[in-house]
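2 protein chains.
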Amino acid sequence: MYRRTFLAGALAAPGFLRAASERRYTWAEVEKMLSRGDVKGKLGRDDLPTPALLLDLDAFEHNVNKMAAHAKSHNRALRPHAKTHKCPEVAKALIRAGAVGACTAKLNEAEVFADHDIRGLLITTAVVGPYKIERAVRLAKKNRDTIFSVDNSQNVRDLNAAAAEAKLTLNLAIDLFITGRTGVLPGTPALNLAQLIESLPNVTLAGIQAYAGQASHVTGFEARRRKSEEVMAAAVDTRRVIERAGISCPLLTGGSTGTYNIDTQIEGITELQPGSFVFMDIDYRKIGGQNGEVYDDFKNALTVLTTVVSKPTDDLAIVDGGFKAFATDRSFGPEPKNGNGIVYAWGGDEHGRVNVAKASRGVNLGDRIEFLVPHCDPNVNLYDRMYCLRGEQVEAVWQIAARGMSQ
Amino acid sequence: MYRRTFLAGALAAPGFLRAASERRYTWAEVEKMLSRGDVKGKLGRDDLPTPALLLDLDAFEHNVNKMAAHAKSHNRALRPHAKTHKCPEVAKALIRAGAVGACTAKLNEAEVFADHDIRGLLITTAVVGPYKIERAVRLAKKNRDTIFSVDNSQNVRDLNAAAAEAKLTLNLAIDLFITGRTGVLPGTPALNLAQLIESLPNVTLAGIQAYAGQASHVTGFEARRRKSEEVMAAAVDTRRVIERAGISCPLLTGGSTGTYNIDTQIEGITELQPGSFVFMDIDYRKIGGQNGEVYDDFKNALTVLTTVVSKPTDDLAIVDGGFKAFATDRSFGPEPKNGNGIVYAWGGDEHGRVNVAKASRGVNLGDRIEFLVPHCDPNVNLYDRMYCLRGEQVEAVWQIAARGMSQ
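Residue numbers (my numbering), protein chains in the order written: chain B, 1 to 407; chain X, 408 to 814.
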């Protein structure tokens, strides 16, 4: 019936012909397949409701394997940051490739990954306050190898007291203030914290957490290398100071997608915790690579698929993705995946204004347009699921189980 | 308390003791209460895990009642836009106060509200493509009074064909292009669409959808009034043109929180569809009111509660809310609800960097800081629930059931 209807209207709106002829199911059938994840060999890109978060599996697997091989060949552990993807299936793919576990930014993110049987969790933000400390102990009871970041002596005492009550030992990483964000100052203040940990019975020092956020996005490879070497030197020195004091400090974890091939040249960094490389985004492409102006060590695996829902004028197409479909924390917006001469501009919470004056082909109502995302982490955090594509076919639906888990 | 610890130096572990003594429940108990919404008379603000979205019920009820009274006293219908709150409990409170229903931006938002027994739904974005048309018909079968926006003749024919097959009639609103976004051009193009609707058996013209986004945020009341009068005139004229052609056009819905008291002065606008007034945000406060530089017709009801999770230096406190806790689509960030001389700066995805050099009181690890949000709609869309407070007590937990529903 649709085909007939749409053929009737074909002259008026050719854009519809394709949608109609490609429609193999009723929505009720598609809805069932999507909720069950029963999609392989059944659904294609054009069956998906938009705006939709898409993962290109070929690009994703390339990214995972490349980073895993890099860490392995440099004898560094890899504990990718899960705040980027918030998705247990992604964490499992990384662990299958050789990762030792996953970092999470927040405690309840870690709780979700633990519920999905991910081991080797490192929480990079301190757990502060009695309720969170109670939750940390509950998590450690379940996953003994969990590592908690600390940067405050009172917090260390509180953790030790709670661990003692529960009759277990908590693994702590000293969070270093090298990025202008969280952490204790390098050198003596960090050593004092290490000595306090050493002096308490129910906490043990796993090592140092040192994320150099200031270095990760420096534009230009050489400038980025200088910055990372400068800030990570403080972490490496602090680790030495602690070990010279007779306290074992096995772990020094840090690094980012922007510095993964810089930090593996720095002696004393034992572990990398990059996040964005699994997906990539416009933001990271801008920082420049070792061999050119575009950072393309990793492939664009993440996109948002939109639909043209209005065509008010010849040059203007309105798509169904705005502030709620794309990350808005950067100074730039989405870019079309395949160029096509179109330009996206924000159209508010729900829409994008797409200038199609220079489009390489006609853009009609109902057409699908796929965009690269400005910044992957907050972009993924807007969606409950990602659709995993192999070419044009939907191979899987992965739940973003820790979406919104910022507590 | 932490402060006293710092001053007193390394005494016992008063931080933990203090927290423990203040703690009336275990986290397991709190978790159960929160998930059941069984909180009234039991939980207070400090029991909530942060970052947390808070709703001040006194301010919210003031906002709801003021807007409802304004619409009633001017004999206009009120159909507030649910894209702001995405919360059935908020929609129900508005309907109890006199609203005729709720607008939604997208189809699946409307599906969620229908599932929660909200009637009088108007979807302000066209439903395009066979799957969405099938869903629109399914929704109309359930809620006959649902109104769908259209701006394209082929889309109208497709809706009519699908409605005919389902043996029902769809209510359509002509979406007018007066905001530079979606819609058909006013005047003759809109009349042609009205005549097409009139000519088809299974669609009927409910009226005109005319959201003047360009007017809603004009700074300065007089400038805003001129802009709204200018753009809404095209909608009023178009409604006249359609009725002069002998086609009934009962509805002209538009307006915003910025223009609610302007558009009720314009003859021919039958209904208001403001959204932000229920919560308010920093963005709207900046546009200026009828009586001053701050737009304060409605109270700040929405905040995000954060916790200081790191205090690396005397002047710097790091809170646990960043790009994933606050809307980032504006040029400005969060502001402390109670001033206190502190200044928030973005600290990435997960954190905020709070300058406390001029804080009116000491800010210590574990302290709670509450912030006004930059832009309420995308801010709410980051959270699964809002905690409703009456003073310091948590009175209810409302699910943001349509969060992420942008499809």
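All residues carry an ideal CB built from backbone N, CA and C; glycine is no exception.
**Asked** Taking all protein chains shown into account, do 16 or more other C-beta atoms lie within 10 angstroms of the C-beta of X:Arg-631, making it buried, or fewer, making it exposed?
**Response** One-based indexing of the second sequence puts residue 631 of chain X at position 224. That one is buried.
**Message:** Three or more C-beta pairs under 8 Å: does that hold for the segment 716 to 735 of chain X against the segment 744 to 757 of chain X?
**Reply:** yes
**Message:** Less than 9 Å between CB atoms is the rule here; does B:Lys-92 satisfy it with respect to chain X?
**Reply:** In the first sequence, the residue the question calls residue 92 of chain B occupies position 92. No, B:Lys-92 lies away from the interface with chain X (no Cβ there is under 9 Å from its Cβ).
**Item:** Minimum Cβ-Cβ distance from B:Trp-398 to chain X less than 9 Å
**Value:** The residue given as residue 398 of chain B occupies position 398 in the first sequence. No, its Cβ sits nowhere closer than 9 Å to a Cβ of chain X.
**Request:** Examine chain B for any beta-carbon lying closer than 9 Å to the beta-carbon of X:Leu-577, and answer yes or no.
**Result:** Numbered from its first residue, the second sequence carries residue 577 of chain X at position 170. Cβ-Cβ to chain B under 9 Å: no for X:Leu-577.
**Item:** Coarse secondary structure for B:Asn-171, derived from DSSP in three states
**Value:** Counting from one through the first sequence, the residue named residue 171 of chain B turns up at place 171. Three-state result, B:Asn-171: strand.
**Request:** Pull up the CB-CB distance for X:Thr-589 and X:Ala-619, whole angstroms please, since I reckon it's below 8 Å.
**Result:** For the purposes of this step, residue 589 of chain X is identified with residue 182 of the second sequence, where counting begins at 1. For the purposes of this step, residue 619 of chain X is identified with residue 212 of the second sequence, where counting begins at 1. Not really, about 13 Å apart at Cβ, beyond 8 Å.
**Asked** Since X:His-624 sits in a beta bridge, which residues does DSSP pair it with?
**Response** Locating residue 624 of chain X in the second sequence gives position 217, counting from the first residue. None; X:His-624 has no bridge partner.
**Proximity to X:Asp-552 [Cα-Cα], best of X:Val-534, X:Tyr-538, X:Ala-580** = The residue you call residue 552 of chain X lines up with position 145 of the second sequence. Taking the Cα of X:Asp-552 as reference, the smallest distance to any Cα among X:Val-534, X:Tyr-538, X:Ala-580 is reached at X:Ala-580.
**Message:** Check whether the segment 180 to 199 of chain B and the segment 127 to 142 of chain B touch, using three or more Cβ-Cβ pairs below 8 Å as the test.
**Reply:** The segment 180 to 199 of chain B makes no contact with the segment 127 to 142 of chain B; the number of CB pairs closer than 8 Å stays below 3.
**Item:** Among B:Leu-107, B:Asp-237, B:Ala-301, B:Asp-320, the one whose alpha carbon lies nearest that of B:Cys-376
**Value:** Start at 1 with the first residue of the first sequence, and residue 376 of chain B comes out as number 376. Ranking B:Leu-107, B:Asp-237, B:Ala-301, B:Asp-320 by Cα distance to B:Cys-376 puts B:Ala-301 first.
**Request:** Look at the Cβ atom of B:Ala-71, then the Cβ atom of B:Gly-101, and state whether they are nearer than 9 Å.
**Result:** One-based indexing of the first sequence puts residue 71 of chain B at position 71. One-based indexing of the first sequence puts residue 101 of chain B at position 101. No, the pair does not count as a contact, with Cβ atoms beyond the cut-off.
**Asked** With DSSP run on the structure shown, which of helix, strand or coil describes B:Asn-202?
**Response** What you label residue 202 of chain B is simply residue 202 of the first sequence in a count that begins at 1. Note: B:Asn-202 maps to coil in three-state DSSP.
**Request:** Kindly list, in the order they appear in chain C, the residues whose Cβ is closer than 9 Å to that of X:Asp-721.
**Result:** Going by chain labels, chain C is absent from the structure shown, which instead holds the protein chains B and X.
**Item:** Spatially closest choice to X:Gly-682 from X:Asn-745, X:Cys-494, X:Glu-436, X:Gly-536, by CA coordinates
**Value:** Here residue 682 of chain X refers to the residue found at position 275 of the second sequence. Answer by Cα proximity: X:Cys-494.
**Prompt:** Do you know offhand how far X:Asn-578's Cα is from X:Ile-676's?
**Reply:** Within the second sequence, residue 578 of chain X is the residue found at index 171, counting from 1. Within the second sequence, residue 676 of chain X is the residue found at index 269, counting from 1. Each residue's alpha carbon lies about 19 Å from the other.
**Asked** B:Thr-104: which of B:Lys-92, B:Thr-84, B:Lys-167, B:His-62 sits nearest, CA to CA?
**Response** Taking the first residue of the first sequence as 1, we reach residue 104 of chain B at position 104. Per the Cα distances, B:Thr-84.
**Prompt:** Which residue or residues does DSSP assign as beta-bridge partners of X:Pro-743?
**Reply:** Locating residue 743 of chain X in the second sequence gives position 336, where the first residue counts as 1. Its beta-bridge partners are X:Phe-778.
**Pick from X:Asp-670, X:Cys-795, X:Glu-541 that is closest to B:Ala-28, judged by C-alpha positions** = Looking up residue 28 of chain B in the first sequence gives position 28. Looking at the Cα atoms, X:Glu-541 is the closest of the given residues.
**Request:** Round the Cβ separation of B:Met-280 and B:Lys-299 to the nearest angstrom and send it over; I've been treating them as touching at under 8 Å.
**Result:** On the first sequence, residue 280 of chain B is found 280 positions in, with the first residue counted as 1. On the first sequence, residue 299 of chain B is found 299 positions in, with the first residue counted as 1. At roughly 6 Å, the Cβ-Cβ gap stays under 8 Å, so B:Met-280 and B:Lys-299 are in contact.
**Prompt:** Using a C-beta cutoff of 9 Å, does X:Tyr-790 count as contacting chain B?
**Reply:** The residue labelled residue 790 of chain X in the question sits at position 383 within the second sequence. Taking Cβ atoms only, chain B reaches closer than 9 Å to X:Tyr-790, which makes this a yes.
**Asked** Using 9 Å as the limit for Cβ to Cβ distance, is X:Val-519 near chain B?
**Response** Sequence index remark: in the second sequence, residue 519 of chain X carries index 112 (1-based). Not closer than 9 Å to any Cβ of chain B, the Cβ of X:Val-519 fails to qualify, so no.
**Item:** Where X:Gln-814 meets chain B, residues with beta-carbon distance less than 8 Å
**Value:** Here residue 814 of chain X refers to the residue found at position 407 when the second sequence is read from its first residue. Within 8 Å Cβ-Cβ: Pro-49, Thr-50, Pro-51, Ala-52, Asp-320.
**Request:** Determine whether the Cβ of B:Ala-28 lies closer than 9 Å to any Cβ atom of chain X.
**Result:** On the first sequence, position 28 is the one that residue 28 of chain B refers to. Answer yes: the Cβ-Cβ gap between B:Ala-28 and chain X drops below 9 Å somewhere.
**Item:** Own chain, CB closer than 8 Å to X:Ser-428, minus 5 neighbours either side, in chain order
**Value:** Indexing the second sequence from 1 puts residue 428 of chain X at position 21. With a pLDDT of 47 at X:Ser-428, under the threshold of 50, the predicted position of this residue should be treated as unreliable, and no value is reported.
**Message:** Quick check on X:Phe-684: does DSSP put it in helix, strand or coil?
**Reply:** Taking the second sequence and counting its residues from 1, one reaches residue 684 of chain X at position 277. It is helical.
**Item:** Strand pairing of X:Asn-815, partner residues [DSSP]
**Value:** Here chain X has residues from 408 to 814 only, and residue 815 of chain X is not among them.
**Request:** Could you tell me which chain X residues have their CB closer than 8 Å to the CB of B:Gly-348, listed as they occur along the chain?
**Result:** As a position in the first sequence, residue 348 of chain B is number 348, starting the count at 1. Arg-588, Gly-620, listed in chain order.
**Message:** In the DSSP assignment, the alpha helix (DSSP H) including X:Ile-669 goes from what residue to what residue?
**Reply:** Within the second sequence, the letter at position 262 stands for residue 669 of chain X. Counting along the chain, the alpha helix (DSSP H) containing X:Ile-669 begins and ends at 667 to 670.
**Asked** In whole angstroms, what separates the C-alpha of B:Arg-390 from that of B:Ala-52?
**Response** Working through the first sequence from its first residue, we reach residue 390 of chain B at position 390. Working through the first sequence from its first residue, we reach residue 52 of chain B at position 52. Annotation: B:Arg-390 to B:Ala-52 spans about 15 Å, alpha carbon to alpha carbon.
**Request:** With distances taken Cα to Cα, identify the nearest neighbour of X:Val-535 among B:Val-397, B:Val-309, B:Asn-338, B:Arg-385.
**Result:** The residue given as residue 535 of chain X occupies position 128 in the second sequence. Per the Cα distances, B:Val-309.
**Contacts that B:Lys-106 makes with chain X (C-beta to C-beta distance below 8 Å)** = Counting from one through the first sequence, the residue named residue 106 of chain B turns up at place 106. Against chain X, the beta carbon of B:Lys-106 has neighbours under 8 Å at Asp-727, Glu-757, listed in chain order.
**Request:** Taking only the alpha-carbon atoms, compute the straight-line gap between X:Arg-692 and B:Leu-168 and give it to the nearest angstrom.
**Result:** Counting from 1 along the second sequence, the entry for residue 692 of chain X is found at position 285. Counting from 1 along the first sequence, the entry for residue 168 of chain B is found at position 168. Distance between the alpha carbons of X:Arg-692 and B:Leu-168 is about 51 Å.
**Message:** Less than 9 Å between the C-beta atoms of X:Leu-712 and X:Arg-775, yes or no?
**Reply:** As a working note, residue 712 of chain X is residue 305 in the second sequence. As a working note, residue 775 of chain X is residue 368 in the second sequence. Yes; because the gap between Cβ atoms is below 9 Å, this pair is in contact.
**Item:** Span of the alpha helix (DSSP H) around X:Asp-465
**Value:** Indexing the second sequence from 1 puts residue 465 of chain X at position 58. It spans 464 to 480 - the alpha helix (DSSP H) in which X:Asp-465 sits, taken as one unbroken run.
**Asked** In the segment 132 to 147 of chain B, which residues sit with their C-beta less than 9 Å from some C-beta in chain X, listed in chain order?
**Response** Lys-132, Ile-133, Glu-134, Arg-135, Arg-138
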